[in-house]
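**Student:** First residue of the sequence shown? That's 9 in my numbering, and the numbers climb one at a time after it.
Ideal Cβ positions, reconstructed from N, Cα and C, are used throughout, including at glycine.
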Amino acid sequence: MGTRISTDLGDARLVKLLKAEANERDTSIKDVLVRALESYFADRLETKALAKIAESSFSEWDDPRDADYDTL
């Protein structure tokens, strides 16, 4: 079952770039968009995961005695 999405990119240059990329790779515009979205969200998920891991590194610095410095 497919899911359809429709949007106005608002920039003819983007449409030309999509078409050129699809032509260069001998694939469809849909495939170019899917790969681009997958890459974008993979990067976002990785960034969020790294930020979550980093939180524990800074927990030792969470000291109420430093509250005055936190407001600077």
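Hey, could you find the ends of the alpha helix (DSSP H) I13 is sitting in?
**Tutor:** It is not in any alpha helix (DSSP H) - I13 carries neither H nor E in the DSSP assignment.
**Student:** Looking at C-beta atoms only, is the number of pairs between the segment 9–27 and the segment 36–52 that lie closer than 8 Å three or more?
**Tutor:** Output reads yes: the segment 36–52 touches the segment 9–27.
**Student:** Hey, could you find the ends of the alpha helix (DSSP H) S64 is sitting in?
**Tutor:** It spans 37–66 - the alpha helix (DSSP H) in which S64 sits, taken as one unbroken run.
**Student:** For D74, which three-state DSSP category applies?
**Tutor:** Three-state result, D74: helix.
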